[in-house]
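Enquirer: Position in the sequence shown (from 1) plus 1220 gives the number in our numbering.
Ideal Cβ positions, reconstructed from N, Cα and C, are used throughout, including at glycine.
Take this structure, written in structure tokens, and hold onto it; I'll ask about it next.
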Amino acid sequence: MTAYSAGKEVLSYCGKCKLPLGHTIVSMKDTHTIGKVKCNTCQAMHMYKDPATKSKKVKSSTTTRTRKKKSISVNDLWTEEMGKVTGKSVKYTIRETFEVGDILDHKSFGPGIVQNLVDDKIEVLFQHEIKLLVHGK
Ligand SMILES: [Zn+2]
1221 MTAYSAGKEV
1231 LSYCGKCKLP
1241 LGHTIVSMKD
1251 THTIGKVKCN
1261 TCQAMHMYKD
1271 PATKSKKVKS
1281 STTTRTRKKK
1291 SISVNDLWTE
1301 EMGKVTGKSV
1311 KYTIRETFEV
1321 GDILDHKSFG
1331 PGIVQNLVDD
1341 KIEVLFQHEI
1351 KLLVHGK
């Protein structure tokens, strides 16, 4: 780390110029923390603003963009589907008849979404697996 001290020049974000510019250190909070600075461009005196904090937003969005999903797991699919559905879940019993898009609550597998109707069975997406369940009996 560079040692800062009053009278030295430092790059700080200037609120008046709206740019990171060369500033002269006026005061120090402690040996490593800059207190007040004076803008070399507009001569305004203000607290030191690290110009790096201004670009943090850009950095984090780049990270998100590069973090691409290679494959969708059952868990991801379930989370996505559960976020889309708005209806109330129905307790699963073999006697109940379900349709595609219905949310059911299974006592062993937890909440699930009916994905398909296969013959007389329903294909249900649960958090960790896709199951074929009998219904409408
Ligand atoms: Zn300025």
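#1: Is it true that the CB of residue 1352 sits closer than 8 Å to the CB of residue 1312?
#2: According to DSSP, is residue 1235 helix, strand or coil?
#3: Of the choices 1320, 1256, 1273, whose alpha-carbon is the least far from that of residue 1225?
#4: Could you give the C-beta distance for residue 1307 and residue 1323, rounded to a whole number, given that I count them as a contact under 8 Å?
#5: Using only the alpha-carbon positions, how far apart do residue 1261 and residue 1246 sit?
#6: Reducing DSSP to helix, strand and coil, say where residue 1276 ends up.
Expert: Quick answer:
#1: Translated into positions along the sequence shown, residue 1312 becomes position 92. Translated into positions along the sequence shown, residue 1352 becomes position 132. For residue 1312 and residue 1352, no; Cβs fall outside 8 Å.
#2: Taking the sequence shown and counting its residues from 1, one reaches residue 1235 at position 15. If DSSP states are grouped into helix, strand and coil, residue 1235 belongs with coil.
#3: Translated into positions along the sequence shown, residue 1225 becomes position 5. Minimum Cα distance to residue 1225 is reached at 1256.
#4: One-based indexing of the sequence shown puts residue 1307 at position 87. One-based indexing of the sequence shown puts residue 1323 at position 103. Contact between residue 1307 and residue 1323 holds, since their C-beta atoms are separated by about 6 Å, short of 8 Å.
#5: Within the sequence shown, residue 1261 is the residue found at index 41, counting from 1. Within the sequence shown, residue 1246 is the residue found at index 26, counting from 1. When rounded, the distance between both Cα atoms is 15 Å.
#6: The sequence position of residue 1276 within the sequence shown is 56, counting from 1. Unreliable placement is indicated for residue 1276, whose pLDDT of 48 sits below 50; no coordinate value is reported for it.
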